[in-house]
Amino acid sequence: MLEPILVSAGQAISEIYHQPKHHIQTKHDQTPVTEADIASHDLLVAALRSLTPLWPVISEEDSQHHRSQSDVDIIIRSSPAYWLIDPLDGTREFIARTGEFSINCGLVVGSDAFFGMLYAPIHGVMYRGGSGFAAQRRTYTASDWQDIHCRHRPAHGAVQISSRRSHQPLAQQLGMRQDHLGSAMKFGRIAEGAADLYHRRGPTMEWDTCAGQAIVQAAGGIVTCLDGSPLRYGKPNWLNPGFVARGP
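Everything in the sequence shown is counted per this note's numbering, starting at 31 for the first residue and increasing by one.
Shown next as structure tokens:
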């Protein structure tokens, strides 16, 4: 049921992506937003509310997402589950036309990342997985979903994956090769065994990680805060601390 929703949002994004010019605005947090972010947001929110009317939908592009803890608690108590979505994760990559952006759709149950889907429309790659569900990958060229699994870190050739704006010395310290990829698709690379470590020191938002965490955990991987504690959901302002995603 979710796949056609994400594909439709991806089509809306792709149409705007291939236009010669993009209308770019700056949000209150000084990050960019384009008409593609809004088009995807509108489509996803409407579709998810129709699919699960009793489950709230929390989107990055929702102007009300910066809430106090009491407001967050009200949302959590009002429903056993809620959606966390980023309609276009990697807006800077979208603007730069690298294709390295994704649609993130995660389902939270309690305080856990229960299920997630990631879709990179330009690359034609989709991942899904969650609690009680296999982690799987599908491409435009494949008719069926393929099961994927995290790998155990190899003795040689281990890979740390990070954004292109990251210049962490951790890969060298650990004797790992560093690869770069934008958006939450880094979680997909961990889940399919193409990378071994995704380490993020700075803060992120819950819609940046929920879908990817569910997929990595379904693939046998581990996602924790930097101190090793579980990465939970429903925090004040939907703000994450630093985290690590890795294979088993």
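Here a beta-carbon is modelled for each residue, glycine too, at the ideal position from N, C-alpha and C.
As the structure is a computational prediction, the values presented were derived from the model and not from experiment.
Who are residue i's beta bridge partners in DSSP?
i: Asn267; result: For Asn267, which the question treats as bridged, DSSP gives no partner whatsoever.
i: Gly160; result: Phe145 and Phe163
i: Asp116; result: Asn134
i: His229; result: Val274
i: Ala150; result: Val155
i: Ser192; result: His210
i: Cys255; result: Phe273
Is the beta carbon of residue i sitting closer than 8 Å to the one on residue j?
i: Asp174; j: Ala165; result: no
i: Ser73; j: Met156; result: With the sequence shown as reference, residue 73 is identified as Leu, and Ser is not the correct amino acid for it. No, Cβ-Cβ distance for Leu73 and Met156 is not below 8 Å.
i: Phe145; j: Phe131; result: no
i: Ser141; j: Tyr47; result: no
i: Asp226; j: Ala188; result: yes
i: His182; j: Gly258; result: no
i: Ile115; j: Trp268; result: no
i: Gly160; j: Ala248; result: yes
i: Ala275; j: Val253; result: yes
i: Arg219; j: Ile191; result: yes
Terminal residues of the continuous alpha helix (DSSP H) containing residue i?
i: Pro34; result: Leu32 to Tyr47
i: Ser70; result: Glu65 to Leu81
i: Gln243; result: Glu236 to Ala248
Cutting at 8 Å between CB atoms, please list the residues of its own chain near residue i, excluding the five before and the five after it.
i: Ile125; result: His52, Ile54, Pro62 and Thr64
Using C-beta distances below 7 Å, list every residue in its chain close to residue i, excluding the 5 sequence neighbours before and after it, in chain order.
i: Thr128; result: Gly212
i: Glu222; result: Arg167 and Ile178
i: Ser85; result: A small correction: the amino acid at residue 85 is Trp; Ser does not occupy that position in the sequence shown. Here the set comprises Ser109, Ala111, Tyr112 and Trp113.
Please list, in chain order, all residues of the same chain as residue i whose beta carbon is under 6 Å from its beta carbon, the five residues on each side excluded.
i: Pro271; result: Cys255
i: Ile5; result: Absent from the model: residue 5. The displayed extent of the chain is 31 to 278, so no value can be given.
What span of residues does the beta strand (DSSP E) with residue i cover, start to end?
i: Thr128; result: It is not in any beta strand (DSSP E) - Thr128 carries neither H nor E in the DSSP assignment.
i: Arg207; result: Arg207 to His210
**Message:** For the structure I just gave you, are there three or more beta carbon pairs, one from the segment 149-157 and one from the segment 213-222, closer than 8 Å?
**Reply:** yes
**Asked** Would you call the segment 229-240 and the segment 67-75 touching, i.e. three or more CB-CB distances under 8 Å?
**Response** no
**Message:** With three or more C-beta pairs closer than 8 Å as the rule, is the segment 132-139 touching the segment 240-249?
**Reply:** yes
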